[in-house]
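Visitor: Below is a structure I'd like to ask you about.
In the numbering used here, the protein residues as written are 184 to 386.
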């Protein structure tokens, strides 16, 4: 039994806290198949240069204290290999390097005005667990645009994506989740008539 637990009962993974842009690794042991945890969870912070930079430069709003919400980045159980979760889309970009440089840290230093547009948007999407939208936002940021043009492009993208996601969620019978997303979208874009048209009449 000991050998089975040691080889197949080890669980490890990584988590991301969007409120503070912090990453941590975790691990513990469980009884295989039953998934009953038998050891305490060990956690260790991971230093990411770009995350440290955006916090210290006040490019995101990081509250005081420790994060109270962590999103799963990846999970590995026993010999099954590692499975990536949605937040991996974020952490992959934070870890991106260009030669010897951390890509988005250097980009933020070189383009401070665009960075002031990019990072609050990325944080907002991460806090809403809309990681699926983040790669497209990073892609826009790499284009040769002014900060004002970037903000406009991002707004156009997100308005369209919000509408599409709300429709898709409702078609998948995820009405409550769709309504919550629509509420958040309208709070961002209160003048968007296409978003307003998706509101269901009050009963």
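Where a beta carbon is used, it is the ideal one built from N, C-alpha and C, also for glycine.
Suppose only complete runs of 4+ residues qualify. What are the alpha helix (DSSP H) ranges in the stretch 226 to 276, listed by chain order?
Guide: 232 to 239
Visitor: Count the CB pairs spanning the stretch 221 to 234 and the stretch 278 to 297 that are closer than 8 Å, and state whether there are at least three.
Guide: yes
Visitor: Leaving out the 5 sequence neighbours to the left and right, which residues in its chain are closer than 8 Å to residue 385 when beta-carbon positions are compared?
Guide: Any answer about residue 385 is weak, because its pLDDT of 49 lies below 50 and its placement is not dependable; what the coordinates show is given next. Closer than 8 Å at the Cβ level, and outside the excluded window around residue 385, lies no residue.
Visitor: What span of residues does the beta strand (DSSP E) with residue 196 cover, start to end?
Guide: 193 to 200
Visitor: When the Cα atoms are used, what is the spatial distance from residue 341 to residue 222?
Guide: 43 Å
Visitor: Using only alpha-carbon positions, find the residue among 294, 215 and 203 that is nearest to residue 331.
Guide: 294
Visitor: Please work out which residues of its chain come closer than 6 Å, Cβ to Cβ, to residue 203, disregarding the five sequence neighbours upstream and downstream, and give them in chain order.
Guide: 245 and 250
Visitor: Which residues bound the alpha helix (DSSP H) around residue 359?
Guide: 358 to 371 is the span of the alpha helix (DSSP H), which, as asked, contains residue 359.
Visitor: Beta-carbon within less than 7 Å of residue 243's beta-carbon, same chain only, minus the 5 sequence neighbours each way: which residues are those?
Guide: 204, 237, 302, 303 and 306
Visitor: With a threshold of 16 other CB atoms inside 10 Å of the CB of residue 349, please say whether the residue is buried or exposed.
Guide: The residue in question, residue 349, is buried, as its Cβ has 16 or more Cβ neighbours within 10 Å.
Visitor: Report the CB separation of residue 324 from residue 297 in whole angstroms; it is logged as a contact under 8 Å.
Guide: 6 Å
Visitor: How about residue 225 and residue 210: do their beta carbons lie closer than 7 Å?
Guide: yes
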